[in-house]
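Protein chains in written order, with this note's numbering: chain A, 33 to 302; chain B, 6 to 337. We treat Cβ as the ideally placed atom computed from N, Cα and C, and that holds for glycine.
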């Protein structure tokens with residue numbers, strides 16, 4: 033994906049924002065509801081990924097709702113003759129919403145430049161996908177719309193990268209939308225209140241925790257001679273310092289003045 | 006400026022054509038809008054003039070229709086999406102209310118959504134309970150959304166052109182009765198030859214009078230004007246205030262009229278409970294109670310779904326006769 037491709041993110045989109053270069057302090061500040069936040073503290077954690085200057089105009093708090101919006105972004109980009117694409121992220125829970133089906137169908141019918149990325153972590157909140165999903169697989173469901181579909185081990189950075197490159201190439205060649213199902217797992221619970229324990233078997237948790245994406249990437253780089261423990265340590269320290277500085281900045285930020293909020297409801301004043 | 010007579014449908018069609026000619030970023034999509042030219046011919050001829058990239062038929066997917074409008078607006082287009090019947094807007098309630106209306110504010114003002122959702126309600130056409138609902142009030146709690154309701158061909162053209170140029174999401178509610186019922190004041194009327202815009206957010210006095218104010222919107226404006234014309238012959242002056250936009254609401258014009266006539270009737274095509282009429286009545290009760298010489302009267306549908314049978318529907322609806330009766334009772 034390119035930095036000018038448009039991302040439609042979700043309430044768990046903090047990683048999307050950081051990957052796009054949104055300052056850590058802006059993401060943290062949004063979680064804290066501060067003026068420094070990406071959305072001036074008006075969106076909160078569930079919308080913290082929104083940064084128009086980083087081509088992330090939406091991060092939705094309603095499961096599945098970004099999918100039809102991505103169709104519209106794709107329509108707009110195609111209409112303008114651009115080779116940019118729209119990438120929409122969602123979880124396994126979203127594939128059972130009407131918005132998913134309406135969106136995939138329309139993107140396919142209109143052959144739009146949309147990349148659908150399903151982060152399948154096997155649970156919608158605490159409910160296992162095996163208890164809610166009919167049919168063979170999410171990928172099979174997507175391909176039933178005639179959409180070019182890929183599956184990837186979501187915790188494997190290199191595999192996801194290669195798959196995304198291929199999918200983006202398909203889209204930019206004008207062949208219509210593509211879909212990637214990334215198998216992954218939540219390291220924690222659904223929200224702060226949830227430890228992610230009671231509904232997930234111990235062996236399953238252990239298996240997936242052993243597939244930590246950072247460990248997997250590091251081990252591969254180490255085998256190839258590109259990284260060693262010293263580099264890992266220094267990167268962790270460097271990132272730690274960046275985060276500490278950002279935390280301080282976010283904590284020190286004022287809260288947006290309530291009196292300015294009414295101005296943000298409408299773009300064209302009456 | 007020369008003035009012609011156009012129908013409500015022709016005026017809407019002309020507004021779309023003019024704005025599409027003026028601005029390449031205006032595109033139109035919805036069910037039956039392209040090849041068929043719209044079920045009620047509002048989009049007739051657009052496909053032929055502007056081509057399949059700008060005028061698109063969609064599947065029966067209201068969520069995707071509104072979602073696609075939001076997405077297209079996010080990348081700089083000015084989409085005009087059609088929801089064939091207002092009843093179907095319920096399917097897209099999430100996209101309209103939870104997304105389109107709130108995205109600008111939620112993003113801290115980063116995004117703007119210049120989109121229009123055109124729809125129509127068909128009370129008065131004997132279509133039964135699921136194709137006649139006037140759901141305007143249900144959308145009034147969606148701050149960030151503007152809600153516009155044209156009641157005449159002149160208003161339809163000027164308001165739709167303004168809506169397309171506006172940078173906010175607009176729910177543009179047309180009246181299916183005004184598409185087809187030739188007896189209505191709003192079915193056909195004078196439209197200037199050439200460009201004009203009508204400001205969004207301003208009410209319009211359709212008839213001046215000093216005895217009673219009748220606030221109306223969309224179809225009920227035709228009933229109110231007919232009532233005013235009947236009563237004028239009897240020497241009673243009814244001032245008809247057409248709200249035109251209900252969000253944001255032009256309370257000033259309503260209050261000004263009530264302070265002139267000291268009596269208020271509100272006529273609306275929904276049930277009384279929490280309707281637009283309730284909002285207008287509450288505002289006047291809250292801020293202009295001192296001006297009232299009689300209790301406020303609300304004329305709405307009775308608390309039940311719309312019956313299909315044409316004669317029952319007629320009894321169910323607000324009519325000019327019912328307005329005349331209410332005015333006379335109020336002046337007794």
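- Within the same chain, Cβ atoms closer than 6 Å to the Cβ of residue 74 of chain B are found at 84, 86 and 120, the five residues on either side in sequence being excluded.
- Residue 59 of chain A places its beta carbon less than 8 Å from that of residue 50 of chain A.
- Just measuring C-alpha positions, the residue of A/55, A/184 and A/238 sitting nearest residue 213 of chain A is A/184.
- Its chain contains 99, 148, 174, 177, 179, 209 and 211 as the residues whose beta carbon lies nearer than 8 Å to that of residue 136 of chain A, once the 5 sequence neighbours on both sides are disregarded; these appear in chain order.
- Using a Cβ-Cβ cut-off of 8 Å, residue 35 of chain B does not count as an interface residue toward chain A, since no Cβ of chain A sits closer than that to its own.
- In the DSSP assignment, no residue is bridged to residue 284 of chain B.
- For residue 145 of chain B, there is no enclosing alpha helix (DSSP H), as DSSP marks it with neither H nor E.
- Contact check for residue 244 of chain B against residue 218 of chain B passes: the beta carbons are separated by less than 8 Å.
- In this structure residue 146 of chain A touches residue 103 of chain A by the C-beta definition: roughly 6 Å separates them, less than 8 Å.
- Residues of chain B with a Cβ closer than 9 Å to the Cβ of residue 90 of chain A are, in chain order, 75, 76, 79, 104, 108, 112 and 116.
- Excluding residues up to 5 positions away in sequence, 184 and 185 lie with their Cβ nearer than 7 Å to the Cβ of residue 191 of chain A in the same chain.
- The criterion of a C-beta distance shorter than 8 Å is satisfied by residue 73 of chain A and residue 287 of chain A.
- Check the Cα spacing between residue 72 of chain B and each of B/40, B/106, B/232 and B/236: the tightest is with B/106.
- In the structure shown, residue 73 of chain B adopts helical secondary structure according to DSSP, grouped into three states.
- Across the structure, residue 252 of chain A and residue 188 of chain A are spaced so that their CA atoms are roughly 10 Å apart.
- Interface with chain B (8 Å Cβ-Cβ cutoff): residue 94 of chain A is included.
- Taking residue 244 of chain A as the centre and dropping the five residues before and after it, the same chain places the C-beta of 187 and 219 closer than 8 Å to its C-beta, in chain order.
- Residue 61 of chain B is bridged by DSSP to B/34.
- A straight-line Cα-Cα distance of about 6 Å links residue 226 of chain B and residue 156 of chain B.
- Under a 10 Å Cβ-count criterion, residue 194 of chain A is classified as exposed, with fewer than 16 other Cβ atoms of the shown protein chains found around its own Cβ.
- The DSSP-derived three-state label of residue 326 of chain B is helix.
- Sorting B/191, B/95 and B/267 by C-alpha distance to the C-alpha of residue 249 of chain B places B/191 at the top.
- Around residue 286 of chain A, no beta-carbon contact reaches into chain B at under 8 Å, the shortest distance being about 14 Å.
- Interface criterion met: the Cβ of residue 205 of chain B is under 8 Å from a Cβ in chain A.
- Within the region 142-158 of chain B, the residues whose Cβ lies closer than 7 Å to some Cβ of chain A are 148 and 149, listed in chain order.
- Annotation: residue 26 of chain B to residue 18 of chain B spans about 12 Å, alpha carbon to alpha carbon.
- Counting the other Cβ atoms within 10 Å of the Cβ of residue 241 of chain A gives fewer than 16, which makes it exposed.
- Not a single CB atom of chain A sits nearer than 8 Å to the CB of residue 51 of chain B.
- At a cut-off of 8 Å between beta-carbon atoms, residue 260 of chain B makes no contact with chain A.
- Close partners of residue 170 of chain A in chain B (Cβ separation under 9 Å) are lacking, with about 19 Å as the shortest Cβ gap.
- Cβ-Cβ distances below 7 Å link residue 204 of chain B to 167 in the same chain, with the five nearest sequence neighbours on each side left out; the list follows chain order.
- About 6 Å separates the beta carbons of residue 13 of chain B and residue 184 of chain B, which is inside the 8 Å limit, making them a contact pair.
- Counting other Cβ atoms within 10 Å of its Cβ, residue 32 of chain B reaches 16 or more and is therefore classed as buried.
- For the 8 Å CB-CB criterion, residue 9 of chain B and residue 198 of chain B form a contact.
- Flagged as an interface residue toward chain B: residue 79 of chain A, by a C-beta distance shorter than 8 Å.
- Residue 154 of chain B: not part of any alpha helix (DSSP H); DSSP gives it neither H nor E.
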